[in-house]
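The sequence shown lines up with residues 1 to 167 when you count with UniProt numbering. To keep things clear, I will list the structure first and then write my remarks on it.
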Amino acid sequence: MNLRIGYGYDVHRLAEGEEFWLGGIKLDYHKGGVGHSDADVLIHVICDALLGAANLRDIGFHFSDQDPQYKGIDSKILLERTVDLLRKKGYEIGNLDVTVGLQKPKINPLVPEMVSVLAKVMKISEGDLSLKATTTEKLGFVGREEGVDAHAVALIYKVDQQVDLEK
Numbered sequence: 001m002n003l004r005i006g007y008g009y010d011v012h013r014l015a016e017g018e019e020f021w022l023g024g025i026k027l028d029y030h031k032g033g034v035g036h037s038d039a040d041v042l043i044h045v046i047c048d049a050l051l052g053a054a055n056l057r058d059i060g061f062h063f064s065d066q067d068p069q070y071k072g073i074d075s076k077i078l079l080e081r082t083v084d085l086l087r088k089k090g091y092e093i094g095n096l097d098v099t100v101g102l103q104k105p106k107i108n109p110l111v112p113e114m115v116s117v118l119a120k121v122m123k124i125s126e127g128d129l130s131l132k133a134t135t136t137e138k139l140g141f142v143g144r145e146e147g148v149d150a151h152a153v154a155l156i157y158k159v160d161q162q163v164d165l166e167k
């Protein structure tokens with residue numbers, strides 16, 4: 001049996017007037033993420049969890065913020081390329097569990113749309129992606145609305161050794 005797990009953590013500062021991309025969709029909010037790409041913290045953390053599970057380093061290694069070709073890039077492209085790297089190494093996604101820390105705006109109503117978008121990009125079942133949101137009860141940089149963070153855990157498996165995880 002060749003199951004592997006990976007963990008990802010990412011943070012982006014929030015600033016007035018920036019676009020706010022989260023989970024592959026644009027949020028209507030007066031603040032947005034600051035970053036070299038579109039600063040989609042949710043996608044970045046999924047990339048890191050998947051890359052870590054496959055022992056392929058991290059998102060910065062593959063898509064450097066020093067490389068001008070990634071300036072302003074849609075993070076869905078980075079996710080698609082990450083999944084391609086994973087599959088070239090012989091792995092498939094078992095499931096992902098992701099938590100976003102964000103005081104405002106409230107994103108729970110948008111979770112189904114985010115899951116749909118991300119599942120399509122990764123070519124997985126929506127049931128294989130769990131997405132949750134939490135506040136920090138106004139504590140820390142998230143609570144002060146200075147930033148957004150996210151944590152992700154990914155389970156991957158070798159394609160030729162698929163395991164029925166429901167047994």
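Even glycine gets a Cβ: it sits at the ideal position worked out from N, Cα and C.
Buried or exposed (CB count within 10 angstroms, at least 16 for buried), residue i
| i | result |
| --- | --- |
| serine 64 | exposed |
| lysine 167 | Only weak support exists for where lysine 167 lies, its pLDDT of 49 falling under 50; the value from the coordinates is given anyway. So lysine 167 counts as exposed. |
| aspartate 160 | exposed |
| valine 115 | buried |
Same chain only: Cβ atoms within 6 Å of residue i, ignoring 5 sequence neighbours per side
| i | result |
| --- | --- |
| isoleucine 59 | His44, Cys47, Asp48 |
| serine 75 | Ser37, Asp38, Asp40, Ile43 |
| leucine 86 | Leu50, Ala54 |
| valine 11 | Gly147, Asp149 |
Test item: CB-CB of residue i and residue j under 8 Å
| i | j | result |
| --- | --- | --- |
| leucine 102 | glycine 23 | no |
| methionine 122 | isoleucine 156 | no |
| arginine 13 | alanine 53 | no |
| lysine 26 | glutamate 145 | no |
| leucine 51 | glycine 17 | no |
| proline 105 | tyrosine 29 | yes |
Residues near residue i by beta carbon distance below 8 Å, same chain, minus five either side
| i | result |
| --- | --- |
| valine 142 | Gly101, Leu102, Gln103, Thr135, Thr136, Val148, Asp149 |
| tyrosine 91 | Arg4, Ala53, Ala54, Ile156, Tyr157, Lys158, Val159 |
Option in the options with minimal Cα separation from residue i
| i | options | result |
| --- | --- | --- |
| residue 175 | Asp84, Gly72, Glu18 | Coverage of the chain is limited to positions 1 through 167, which leaves residue 175 absent and any answer about it impossible. |
| asparagine 2 | Val115, Glu113, Gly8, Lys89 | Lys89 |
| leucine 56 | Gln69, Arg81, Val34, Asp28 | Arg81 |
| leucine 79 | Leu110, Asp67, Lys120, Gln69 | Lys120 |
Contact belief for residue i with residue j at Cβ below 8 Å, rounded distance in angstroms
| i | j | result |
| --- | --- | --- |
| leucine 131 | valine 98 | 5 Å |
| alanine 133 | asparagine 108 | 6 Å |
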